[in-house]
Amino acid sequence: MKYVDEFRNGDLARGIAARIAAEVQPGRRYSFMEFCGGHTHALSRYGITELLPDGVRMIHGPGCPVCVLPIGRIDLAIGLALERGAIVCTYGDTMRVPASQGLSLIKAKARGGDIRMVYSAADALKIAAANPTREVVFLAIGFETTTPPTALAIRAAKAQGLANFSVLACHVLTPSAITHILESAEVREFGSVPIDGFVGPAHVSIVIGSAPYEHFAEEYRKPVVIAGFEPLDVMQAILMLVRQVNEGRAEVENQFTRAVTREGNLAAQKLVAEVFELRSSFEWRGLGEVPYSALQIRPAYAQFDAERRFGLAYRPVADHKNCECGAILRGVKRPADCKLFGTVCTPESPMGSCMVSNEGACAAHYAYGRFRDVAVVVPA
Amino acid sequence: MVERLDGDQALVDLAGVRKPVSLALVPDAAVGDYVIVHVGHAIGRLDAAEAERTLALFGELAGGEPAAAPAIPA
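Line by line, the protein sequences give chains D and Y.
Just remember that this note's numbering sits 653 ahead of the position in the first sequence, which is counted from 1.
Just remember that this note's numbering sits 450 ahead of the position in the second sequence, which is counted from 1.
This is the structure in structure tokens:
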């Protein structure tokens, strides 16, 4: 595919790797967090980790929307399907996220819940129009990329006078999560992760632009390089980060110039601001309650807010006690450090959320990296 | 993007697979533009000149000839 294949050229990747190796200063450690699950996936899938010199370590961040969705939110959606008889629509990735009592949306569907996988928020709207006698709830998850389509659906529902459609909004914000990682005492408690810089999100930045990162590059003195999702993009971004560290700079740089501008997609931002407002606090799996890190539906659209419509009250639920998703999402532990990894927790039967989506650190390591640490034995 | 359809819909070609997507978030996209699609919606446009510039830079960083990419308009 044009503008994709060229960004996956292996010879160029090895060339850029050689350049990174040449510029890394001997004895210096470089730890960079790739915030986004898309980058986590690219690092594993294309073997970028193997191409990097020993001094450069990539830390997987919490930017996988399925992974950070707490059990309590899934429980709310399951309750709507099983106890309130609503049709619950959601993205495919969300279906297998483990919830309370050994349930997940897909298991609740097997118990008779009317739960439907949709490709887009617009599809959920169509289901509502086709089932006027049923309540239809869209479980909306994701970062700044999926929020505008949800806002469009809510606005369209109002315009069409759809009285049976509502949204259980779980949209979260990237900049507040990065800030939280950098300053939270709760994160420090798990052992501070030395982060020398961030690979900034690709698609999120198309929407919000590069400007929102400027504040914390300056305030926390951490370089940020926004990168595309293709392997060469990620490698160039790592090289740019190495150069910033070497030169003592902490700036926002944009590697993904073919799609990201400083101001972002203004039409999408305006739409989101019309339908959503800041939520004072939201629980993230792995990060806990993070102030002003998520969105809720504005009062003007209250009738489309499933939380108001059904009088839902959020109840936090702890993860499985041996599950290390929390520490992995903070970059404190790696997937292989978890006792459950690859034994009872696999992509077919995930215990923790990081094993669910292919953007999750555990799923990516399971699919592409789990044999890397196993010594090759050649029979004599 | 290969064709504008009714309303804010447009037909896009994803490596041979044709699919209708919403252009509501990128209203000024035109036929022939490359758009980035996320959950059934175009969320941004791809700047072809910038893409070529990035590819040329990869060539330089990798120590090869930057000529791998076509000439870049100023």
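Ideal Cβ placement from N, Cα and C applies to all residues, glycine included.
Please classify Y:Glu-453: is it buried, with 16 or more other beta-carbons within 10 angstroms of its beta-carbon, or exposed? Against the second sequence, residue 453 of chain Y aligns to sequence position 3. Y:Glu-453 counts as exposed, since fewer than 16 other beta carbons sit within 10 angstroms of its beta carbon.
Where the beta strand (DSSP E) containing D:Ser-933 begins and where it ends: Looking up residue 933 of chain D in the first sequence gives position 280. From DSSP, the beta strand (DSSP E) with D:Ser-933 extends over 929-937.
Given 8 Å as the limit, is there contact between the stretch 878-889 of chain D and the stretch 902-915 of chain D, that is, 3 or more CB pairs closer than that? Touching, yes, given that three or more Cβ pairs across the two stretches are closer than 8 Å.
D:Ala-777 versus D:Ile-807: straight-line alpha-carbon distance, rounded: What you label residue 777 of chain D is simply residue 124 of the first sequence in a count that begins at 1. What you label residue 807 of chain D is simply residue 154 of the first sequence in a count that begins at 1. Approximately 11 Å between the Cα atoms of the pair.
Proximity of D:Arg-951 and D:Val-928 at Cβ, strictly below 8 Å: Numbered from 1 along the first sequence, position 298 holds the residue referred to as residue 951 of chain D. Numbered from 1 along the first sequence, position 275 holds the residue referred to as residue 928 of chain D. Yes, the Cβ-Cβ distance between D:Arg-951 and D:Val-928 is below 8 Å.
Run the CB neighbour count on D:His-856, radius 10 Å, all protein chains shown included, and call it buried at 16 or more, exposed below. Translated into positions along the first sequence, residue 856 of chain D becomes position 203. With 16 or more other Cβ atoms within 10 Å, it is buried.
Strictly under 8 Å for the Cβ-Cβ distance: is D:Ser-1010 near chain Y by that measure? Position 357 of the first sequence, counting from 1, holds the residue named residue 1010 of chain D. Under the 8 Å criterion on CB atoms, D:Ser-1010 is classed as non-interfacial with respect to chain Y.
Closer than 9 Å by beta-carbon distance: list the chain D residues that pair up with Y:Gly-477, in chain order. Position 27 of the second sequence, counted from the first residue, corresponds to residue 477 of chain Y. Before going on, a small fix: residue 477 of chain Y reads as Pro here, not Gly. In chain order: Ala-920.
Cβ-based neighbour list, D:Cys-897, same chain, cut-off 6 Å, excluding 5 preceding and 5 following: If you number the first sequence from 1, residue 897 of chain D lands on position 244. Note that residue 897 of chain D is Gln in the sequence shown here, rather than Cys. The answer, listed in chain order, is Pro-876.
Backbone CA spacing between Y:Val-462 and Y:Val-476 [nearest angstrom]: Here the question's residue 462 of chain Y lines up with position 12 in the second sequence. Here the question's residue 476 of chain Y lines up with position 26 in the second sequence. For the pair Y:Val-462 and Y:Val-476, the Cα-to-Cα distance works out to about 13 Å.
CA nearest to the CA of Y:Ala-533, picked from Y:Ser-472, Y:Met-451, Y:Glu-502: Chain Y is shown from 451 up to 524; residue 533 of chain Y falls before or after that span and cannot be answered.
May I ask you to report which of helix, strand or coil DSSP gives D:Asn-975? Residue 975 of chain D sits at position 322 when you count from the first residue of the first sequence. Coil at D:Asn-975, not helix or strand.
Member of D:Gly-1013, D:Ile-831, D:Ala-752, D:Trp-937 whose CA lies at the smallest distance from the CA of D:Pro-865: The residue labelled residue 865 of chain D in the question sits at position 212 within the first sequence. Among D:Gly-1013, D:Ile-831, D:Ala-752, D:Trp-937, the Cα nearest to that of D:Pro-865 is on D:Ile-831.
How far does the alpha helix (DSSP H) with D:Gln-813 in it extend, from its first residue to its last? Taking the first residue of the first sequence as position 1, residue 813 of chain D is located at position 160. The continuous alpha helix (DSSP H) containing D:Gln-813 extends over residues 800-813.
In chain order, what residues of the same chain lie with their CB nearer than 7 Å to the CB of D:Gly-995, ignoring the 5 residues before and after it? Here residue 995 of chain D corresponds to residue number 342 of the first sequence, with the count starting at 1. Shown here for D:Gly-995: same chain residues with a beta carbon closer than 7 Å to its own, the five before and five after excluded, namely Tyr-1019, Arg-1023 in chain order.
Can you pull out the residues from the stretch 499-510 of chain Y whose beta carbon lies closer than 8 Å to at least one beta carbon of chain D? Per Cβ criterion, the list reads Glu-500, Ala-501, Arg-503, Thr-504, Leu-505, Leu-507, Phe-508, Gly-509.
Whose C-alpha, out of D:Met-1008, D:Thr-803, D:Pro-723, is nearest the C-alpha of D:Leu-940? Sequence index remark: in the first sequence, residue 940 of chain D carries index 287 (1-based). Of D:Met-1008, D:Thr-803, D:Pro-723, the residue nearest in Cα terms is D:Pro-723.
Counting beta carbon pairs with one atom in the stretch 731-738 of chain D and one in the stretch 695-707 of chain D, are three or more of them shorter than 8 Å? Taking 8 Å as the limit for Cβ pairs, the verdict is that the stretch 731-738 of chain D does not touch the stretch 695-707 of chain D.
In three-state terms, what does DSSP make of D:Cys-645? The first residue shown for chain D is 654 and the last is 1033, placing residue 645 of chain D beyond what the model contains.
Which of helix, strand or coil DSSP assigns to D:Gln-949: If you number the first sequence from 1, residue 949 of chain D lands on position 296. When DSSP states are grouped into helix, strand and coil, D:Gln-949 belongs to the strand group.
Return the bridge partner residues of Y:Gly-484 from the DSSP annotation. Translated into the one-based positions of the second sequence, residue 484 of chain Y becomes position 34. A quick correction: the sequence has Tyr, not Gly, at residue 484 of chain Y. Y:Tyr-484 has Y:Leu-496 as its beta-bridge partners, per DSSP.
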